[in-house]
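Residue numbers (the numbering used here): 1289 to 1802. Every residue gets a Cβ at the ideal spot worked out from N, C-alpha and C, and that includes glycine. For clarity, every value in this text was computed on a predicted model and none was experimentally measured. See structure below.
Here is the structure:
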């Protein structure tokens, strides 16, 4: 069998996480061909004289052809071509190309089972919604049906692409039952949906405290921002399970209630805070139980670990707010399991994360490429990369809560990425500003002095001039506001890189906190 395979992959099929792991287990190494100089450096350094594994060279630059690869590769490698059009010939290509690659296995199985005829755009969308995401929009006819579907969609992080979200919204809006729902916002945007639930939670609690004949139908006092039904059926058996977990995971915020009119022995306890230590103990024990139940395994995807990391950080942030007797034994056992599971998972999966598409960044060096697409969308767009060095995820959660308390209209949409291993400042931070793996800056691997140069090089490759790229570090030391004003007032700058390193210096004992 030929040791070298050249694969034309215009639809990024070879970026699917589990496929990469399977190929690695079968003795294949994968390398992308994007930039000729970077490819040659990697190929000559790691593969030219290393015959241990078979090598697959992936060309995924849209309409690029394998003939564009270097002649020495074309001469010796076997040539293969894979595309979505070949695999799903009866479906609309503009629709299936938007699907997250992790869902293609399910779509392929649905195609084998149902054997659909040639489908147009809307028929393809409906087929995918029904068979991959298990959403039959035409069968959703009641308030409970809709709420159950939205909770499953957003709680499970199903990654519904925008084209499917809009189709789902379109079908639902055609029903009279949902005319007054803010479907344009809460179907597509998880944060908007959570805000919609949060502002209706006090109304639901007040309705429980009142006699059915005494419910006040004037809801103006609640200051609702989203239109739609004011009282939601949170207590329905299909709904309350999700709501309970959302409060335990602190995705919804419990509200204070000292009226003594609520049955706090029931499920609603997680959504009510009494501002005492017993209250925090209950929250911590519930969250610890959830962490134990949802601990990812070796077969989990990277998104499962990121979701788990947020829950773990919520636990740590909550445990540090007051002196509380945390269940030490359970915590020690959980920590041991987490480290064991995560180590095994990294050994099998980490190398496959490097070349995942940056549509939703998975590793640090994917972030600038996502930002670059934002600028490509419009010449008037500007972006800023703000790095708070040394800030842990649980510390960010504490800061996030303060920011949201200070500004009630502040909307934060967040996600997490994997750092490089070892997670040293000079490795991870440079990869972040370079938009490249560390192997491409070996001469500066032990320092951060080249960050400005790497940041400028990245944006120059995307067509910006040096005058349109800004970089400033050591913000937080001295007059930070003045330093920011000087840079932010430069209208020609389209891409700004800012490093706040005071937290990192405090952590390493280089300066005292204040």
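Beta-carbon proximity of residue i to residue j, cut-off 9 angstroms
| i | j | result |
| --- | --- | --- |
| residue 1317 | residue 1343 | yes |
| residue 1663 | residue 1782 | yes |
| residue 1486 | residue 1536 | no |
| residue 1807 | residue 1371 | Residue 1807 lies beyond the stretch modelled for the chain, which goes from 1289 to 1802, so this question has no answer here. |
| residue 1682 | residue 1713 | no |
| residue 1721 | residue 1785 | yes |
| residue 1296 | residue 1354 | yes |
| residue 1432 | residue 1521 | yes |
| residue 1606 | residue 1549 | no |
| residue 1479 | residue 1690 | no |
| residue 1756 | residue 1780 | yes |
| residue 1301 | residue 1294 | no |
| residue 1352 | residue 1298 | yes |
| residue 1679 | residue 1791 | yes |
| residue 1464 | residue 1595 | no |
| residue 1333 | residue 1727 | yes |
| residue 1328 | residue 1358 | yes |
| residue 1515 | residue 1469 | yes |
C-alpha gap between residue i and residue j, whole angstroms
| i | j | result |
| --- | --- | --- |
| residue 1706 | residue 1593 | 10 angstroms |
| residue 1396 | residue 1644 | 21 angstroms |
| residue 1528 | residue 1392 | 32 angstroms |
| residue 1377 | residue 1686 | 50 angstroms |
| residue 1635 | residue 1750 | 33 angstroms |
| residue 1383 | residue 1770 | 48 angstroms |
| residue 1448 | residue 1415 | 14 angstroms |
| residue 1291 | residue 1341 | 8 angstroms |
| residue 1562 | residue 1492 | 18 angstroms |
| residue 1543 | residue 1569 | 16 angstroms |
| residue 1736 | residue 1718 | 7 angstroms |
| residue 1387 | residue 1337 | 38 angstroms |
| residue 1801 | residue 1789 | At residue 1801 the pLDDT is 49, less than 50, meaning the model places this residue with poor confidence; the figure from the coordinates comes in the next sentence. Distance between the alpha carbons of residue 1801 and residue 1789 is about 12 angstroms. |
| residue 1476 | residue 1366 | 43 angstroms |
| residue 1744 | residue 1758 | 8 angstroms |
| residue 1555 | residue 1574 | 12 angstroms |
| residue 1804 | residue 1552 | Examination of residue 1804 is not possible in this model, given that the chain is present from 1289 through 1802 alone. |
| residue 1590 | residue 1647 | 15 angstroms |
As assigned by DSSP and simplified to three states, the class of residue i
| i | result |
| --- | --- |
| residue 1391 | helix |
| residue 1337 | coil |
| residue 1530 | helix |
| residue 1352 | coil |
| residue 1490 | helix |
| residue 1321 | coil |
| residue 1480 | helix |
| residue 1358 | coil |
| residue 1367 | strand |
| residue 1510 | helix |
| residue 1516 | coil |
| residue 1345 | strand |
| residue 1411 | helix |
| residue 1760 | strand |
| residue 1303 | helix |
| residue 1790 | helix |
| residue 1376 | coil |
| residue 1316 | strand |
| residue 1382 | helix |
| residue 1559 | helix |
| residue 1328 | helix |
| residue 1293 | strand |
Own chain, CB closer than 7 angstroms to residue i, minus 5 neighbours either side, in chain order
| i | result |
| --- | --- |
| residue 1466 | 1434 and 1460 |
| residue 1618 | 1576 |
| residue 1723 | 1653, 1656, 1657 and 1746 |
| residue 1309 | 1636, 1637 and 1640 |
| residue 1411 | none |
| residue 1625 | 1583 |
Other residues of its chain near residue i: CB distance less than 6 angstroms, five sequence neighbours each side excluded
| i | result |
| --- | --- |
| residue 1659 | 1671 |
| residue 1320 | 1346 and 1643 |
| residue 1289 | Summary for residue 1289: the model assigns pLDDT 48, below 50, so the residue's position carries little reliability; its value from the coordinates is reported in the next sentence. Nothing listed; no residue qualifies. |
| residue 1603 | 1575 |
Sequence-distant residues of its chain with Cβ nearer than 8 angstroms to residue i (five each side left out)
| i | result |
| --- | --- |
| residue 1540 | 1482, 1485, 1486, 1489, 1531, 1534 and 1559 |
| residue 1438 | 1474, 1475 and 1481 |
| residue 1457 | 1471, 1472, 1475 and 1476 |
| residue 1632 | 1586 |
| residue 1429 | 1463 and 1465 |
| residue 1507 | 1491 and 1518 |
Exercise. What alpha helix (DSSP H) runs, 4 residues minimum, are completely inside the stretch 1577–1664?
Worked result: Taken in chain order, the complete alpha helix (DSSP H) segments of 4 or more residues contained in the stretch 1577–1664 are 1590–1607 and 1616–1641.
Exercise. What alpha helix (DSSP H) runs, 4 residues minimum, are completely inside the stretch 1687–1731?
Worked result: Annotation note: the stretch 1687–1731 contains the following uninterrupted alpha helix (DSSP H) runs of length 4 or greater, listed N- to C-terminal: 1713–1722.
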